[in-house]
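For the protein sequence lines, the chains are A and B, in the order given.
For the first sequence, the working numbering gives the first residue as 1, with consecutive numbering after it.
For the second sequence, the working numbering gives the first residue as 1, with consecutive numbering after it.
Only one structure is covered here, and it is reproduced in the block below.
Protein chains: 2
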Amino acid sequence: MIQSTNTFDSSVKAVEWSNGRLRLLDQRVLPAVVRYLEFDDVNQVADAIRSMVVRGAPAIGITAAYAVVLAAMAAHKKDPHLWQEIIQPDLERLIKARPTAVNLAWAIGEMQKLFSGCDGDPEPALLARAKEIHEQDIRANRTLGDLGSEVIGKTQGVLTHCNAGALATGGYGTALGVIRSSWSKGYIKQVYVNETRPWLQGARLTTWELMQDQIPVTLITDNAASLLMKSGRVQWVVVGADRIAANGDVANKIGTCQLAITAKHHRVRFMVAAPTSTIDLHMPSGDEIPIEERPENEVLGCLENKIAPENCTAWNPAFDVTPGALIDAIVTESGVINRPDEKKIRALFTP
Amino acid sequence: MIQSTNTFDSSVKAVEWSNGRLRLLDQRVLPAVVRYLEFDDVNQVADAIRSMVVRGAPAIGITAAYAVVLAAMAAHKKDPHLWQEIIQPDLERLIKARPTAVNLAWAIGEMQKLFSGCDGDPEPALLARAKEIHEQDIRANRTLGDLGSEVIGKTQGVLTHCNAGALATGGYGTALGVIRSSWSKGYIKQVYVNETRPWLQGARLTTWELMQDQIPVTLITDNAASLLMKSGRVQWVVVGADRIAANGDVANKIGTCQLAITAKHHRVRFMVAAPTSTIDLHMPSGDEIPIEERPENEVLGCLENKIAPENCTAWNPAFDVTPGALIDAIVTESGVINRPDEKKIRALFTP
Numbered sequence: 001m002i003q004s005t006n007t008f009d010s011s012v013k014a015v016e017w018s019n020g021r022l023r024l025l026d027q028r029v030l031p032a033v034v035r036y037l038e039f040d041d042v043n044q045v046a047d048a049i050r051s052m053v054v055r056g057a058p059a060i061g062i063t064a065a066y067a068v069v070l071a072a073m074a075a076h077k078k079d080p081h082l083w084q085e086i087i088q089p090d091l092e093r094l095i096k097a098r099p100t101a102v103n104l105a106w107a108i109g110e111m112q113k114l115f116s117g118c119d120g121d122p123e124p125a126l127l128a129r130a131k132e133i134h135e136q137d138i139r140a141n142r143t144l145g146d147l148g149s150e151v152i153g154k155t156q157g158v159l160t161h162c163n164a165g166a167l168a169t170g171g172y173g174t175a176l177g178v179i180r181s182s183w184s185k186g187y188i189k190q191v192y193v194n195e196t197r198p199w200l201q202g203a204r205l206t207t208w209e210l211m212q213d214q215i216p217v218t219l220i221t222d223n224a225a226s227l228l229m230k231s232g233r234v235q236w237v238v239v240g241a242d243r244i245a246a247n248g249d250v251a252n253k254i255g256t257c258q259l260a261i262t263a264k265h266h267r268v269r270f271m272v273a274a275p276t277s278t279i280d281l282h283m284p285s286g287d288e289i290p291i292e293e294r295p296e297n298e299v300l301g302c303l304e305n306k307i308a309p310e311n312c313t314a315w316n317p318a319f320d321v322t323p324g325a326l327i328d329a330i331v332t333e334s335g336v337i338n339r340p341d342e343k344k345i346r347a348l349f350t351p
Numbered sequence: 001m002i003q004s005t006n007t008f009d010s011s012v013k014a015v016e017w018s019n020g021r022l023r024l025l026d027q028r029v030l031p032a033v034v035r036y037l038e039f040d041d042v043n044q045v046a047d048a049i050r051s052m053v054v055r056g057a058p059a060i061g062i063t064a065a066y067a068v069v070l071a072a073m074a075a076h077k078k079d080p081h082l083w084q085e086i087i088q089p090d091l092e093r094l095i096k097a098r099p100t101a102v103n104l105a106w107a108i109g110e111m112q113k114l115f116s117g118c119d120g121d122p123e124p125a126l127l128a129r130a131k132e133i134h135e136q137d138i139r140a141n142r143t144l145g146d147l148g149s150e151v152i153g154k155t156q157g158v159l160t161h162c163n164a165g166a167l168a169t170g171g172y173g174t175a176l177g178v179i180r181s182s183w184s185k186g187y188i189k190q191v192y193v194n195e196t197r198p199w200l201q202g203a204r205l206t207t208w209e210l211m212q213d214q215i216p217v218t219l220i221t222d223n224a225a226s227l228l229m230k231s232g233r234v235q236w237v238v239v240g241a242d243r244i245a246a247n248g249d250v251a252n253k254i255g256t257c258q259l260a261i262t263a264k265h266h267r268v269r270f271m272v273a274a275p276t277s278t279i280d281l282h283m284p285s286g287d288e289i290p291i292e293e294r295p296e297n298e299v300l301g302c303l304e305n306k307i308a309p310e311n312c313t314a315w316n317p318a319f320d321v322t323p324g325a326l327i328d329a330i331v332t333e334s335g336v337i338n339r340p341d342e343k344k345i346r347a348l349f350t351p
């Protein structure tokens, strides 16, 4: 992996291993409340992923890796010989917590590779690997952040959607990693963020995260993106990804696809920033990526308020797929792919 | 004007003249609270328009016409000879209440045409004209609703944005007039509505209005429109307009332009439904239409909840302009314009 020399740090830690337990920043209550929750039970971690205590594809992957450590510790305590069997239902529950992001399955798969080599207490080896996955993600973010900032170069402003920041990753961020690098180099003057209904990751998390680091951020509704682009305030849209198919189609937060379509119309460029762990070569195109549908009440309300009439019906798909043809650049820690296609994506994995 | 034979009625009345006063349904608190406010002071009506007690271009126009009656009644009481002079500052304040919708200025202009012919008490003549403007709007809606439904024909579903319904007009609605007509003829099976942040006209008003009339409606976030179109659930997007320029560019609720861009991408057709009073032949293109910017707090919060961090900055343009080239049909009470351009729009006004 290319090493980053960027030392600009983020103060935000969404996932941490602390005194033998997993500590998660509760993203459901930000920015009003900054609260950490601690976990020692794998099934509670699965619930936390489902209810979005932690969210963001890379952060979910890292959380799952630590959750495998918790599961193995408990199972080994129960039966030191059969722990690998005991753990299976836990891992299946964990993998099903959220279907769209591939990083969850990827991280669990990485951890499982070590199982057969574990003699005796599996904790030391598994914990070391989980920490490695975590650190690897931060390094990847720094590297792809640097690479992405050089693609953007010196310009005026960028628009981002959802939260692909330190809160969504091991730290630093993917889309916000690019934005942090661009800002620290003086390449950009202003960041705009879509509020990102229904869960308001943009309004609640991205504004908060950038304000922690004194990066100038202006919040807009998801509806205002077209006028923002037309006004000349932004030259690039930068987003993260939950899963990238082999042909370059990108599953990401609902609303990403119409942002890419709108950017193309206004000749604003469109960047996807993601570690290679988000690329799923088994998925030939975006059409095969499972799209999670979440509860209606996320759409029928906004935070605690009900916004729609009683008995109103809603549809709440959490992700959409942006065709590779609408993407100017996919930026990973292994390199930048301009105008992605299957050949260029497979080449990333060829030494 | 073409007469509609459609008798399907809406039970919703946003604006009414009642016992010498103007009665408005308070749209700020719907659907949780159904509350009517009464006005006998023109400046309070201007405040009500600014604070969106009443909203929607045609409804604002009708409200302004009745407000001119209130202003003239008060001014004539003060001085029966100088009332036309006394009234001028009131009318200027009224016209400035909201800048984007042309119907406000149009209706006030229509009322002013009668001033010179008013001998003695101006109330009877002005009130008769305000009621005529009101009834003309309802007739126009019914007619354009019928015309629009025939353009759509028998299909599956339509998507609408904001509220261009009975609540936004004299009654019946423009976009929702088309949808009411389509539904009553059995042409469509399902209506989808964008929640329409920041003011949530879709979530709060359009759902409520359609549910009053038992028309099946499903609420989505503004972000889900692209996936909805891709899924094949909708064949048309139908919206209203706040001002239509001479070249066919359409100013409408923020988010409309990216909806049109997205519809074009997915080969979903795009209809604007509006009375001819919304067409402003003095505006050569959409670039000259003034776009209202509303307070930041509408974006920083959602109903009573704050959603963004303290001291966060926001940008809140309330409208955007959709280029005529992205519009398949503009439907008015005087006829349907396919693929609008200046020649076709001017032809509407040529007898």
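From the three backbone atoms N, C-alpha and C, an ideal C-beta is built for every residue, glycine too.
- Alanine 273 (chain A) places its beta carbon less than 8 Å from that of valine 331 (chain A).
- Shortest Cα-Cα distance from tryptophan 17 (chain A) to any of A:Ala46, A:Val69, A:Asp26 and A:Gln27 involves A:Val69.
- In chain order, Asn316 and Ala318 place their CB closer than 7 Å to the CB of arginine 294 (chain A), counting only its own chain and leaving out the 5 sequence neighbours on each side.
- The Cβ neighbour count for asparagine 103 (chain B), taken over all protein chains shown within 10 Å, is at least 16; the residue is labelled buried.
- Contact with chain B is found for asparagine 305 (chain A), since one of that chain's Cβ atoms lies less than 8 Å from the residue's Cβ.
- For the 8 Å CB-CB criterion, tryptophan 236 (chain B) and isoleucine 152 (chain B) form a contact.
- The CB of aspartate 242 (chain A) never comes closer than 7 Å to any CB in chain B; the least such distance is about 14 Å.
- If the five residues before and after isoleucine 60 (chain B) are omitted, its C-beta is found closer than 7 Å to the C-beta atoms of Ile49, Val54, Arg98, Ala101, Asn103 and Leu104, all from its own chain and listed in chain order.
- Unbroken alpha helix (DSSP H) stretches of 4 residues or longer found wholly inside the segment 82-140 of chain A: 83-86, 88-95 and 103-112, given in chain order.
- Bounds of any alpha helix (DSSP H) do not take in serine 18 (chain B); it lies within the beta strand (DSSP E) bounded by 15-18.
- Residue nearest to leucine 144 (chain A) within the set A:Ala32, A:Ile108, A:Trp199 and A:Met271 is A:Met271 (criterion: CA-CA distance).
- In terms of beta-carbon proximity, tryptophan 183 (chain B) stays away from the interface with chain A, with every pair separated by 8 Å or more.
- Here the C-alpha atom of methionine 111 (chain B) lies approximately 45 Å from the C-alpha atom of lysine 264 (chain A).
- Closer than 8 Å to the CB of glutamate 135 (chain A) there is not a single CB belonging to chain B.
- Contacts with chain A at 8 Å (Cβ-Cβ) do not include valine 238 (chain B).
- Taking the CA atoms as reference points, isoleucine 138 (chain B) sits about 18 Å from tryptophan 183 (chain B).
- Residues of chain A whose Cβ lies closer than 7 Å to the Cβ of threonine 160 (chain B) do not exist; the shortest such Cβ separation is about 14 Å.
- In the three-state reduction of the DSSP assignment, threonine 332 (chain A) falls in the strand class.
- If you check the CB distance, leucine 210 (chain B) and glutamine 27 (chain B) do not come in under 8 Å.
- The criterion of a C-beta distance shorter than 8 Å is satisfied by aspartate 328 (chain A) and arginine 269 (chain A).
- For the pair histidine 81 (chain A) and alanine 46 (chain A), the Cα-to-Cα distance works out to about 25 Å.
- Isoleucine 62 (chain A) is positioned such that its CB atom lies no closer than 8 Å to that of histidine 161 (chain A).
- Alanine 72 (chain A) is classed as buried because its beta carbon has at least 16 other beta carbons within 10 Å across all chains shown.
- Distance from glutamate 195 (chain A) to arginine 197 (chain B) at the Cβ level is roughly 7 Å; contact confirmed, criterion being Cβ atoms closer than 8 Å.
- Residue range 157-160 is occupied by the beta strand (DSSP E) that includes glycine 157 (chain B).
- Look at the segment 285-335 of chain B and you find these whole runs of beta strand (DSSP E), each 3 residues long or longer: 319-322 and 329-332.
- Secondary structure at glutamine 190 (chain B): strand, using DSSP grouped into helix, strand and coil.
- For isoleucine 220 (chain B), the enclosing beta strand (DSSP E) covers residues 217-220.
- Shown in chain order are the members of the segment 30-41 of chain B whose Cβ falls below 8 Å from a Cβ of chain A: Pro31 and Ala32.
- In this structure, B:Gly171 is the residue among B:Ile244, B:Gly171, B:Lys230 and B:Ala32 with its C-alpha nearest to the C-alpha of alanine 14 (chain B).
- Taking all protein chains in view, the Cβ of arginine 142 (chain B) is crowded by 16 or more other Cβ atoms within 10 Å, so the residue is classified as buried.
- With a beta-carbon spacing of about 19 Å, proline 58 (chain A) and proline 340 (chain A) fall beyond the 8 Å limit used to define contacts.
- Looking from the CA of valine 42 (chain B), the closest CA among B:Tyr66, B:Met229 and B:Phe115 belongs to B:Tyr66.
- In the three-state scheme derived from DSSP, where H, G and I count as helix and E and B as strand, glycine 148 (chain A) is classed as helix.
- Using a Cβ-Cβ cut-off of 7 Å, isoleucine 261 (chain B) is close to Ser226, Ile261, Thr262 and His265 of chain A, given in chain order.
- DSSP, read as helix, strand or coil, puts aspartate 41 (chain A) in coil.
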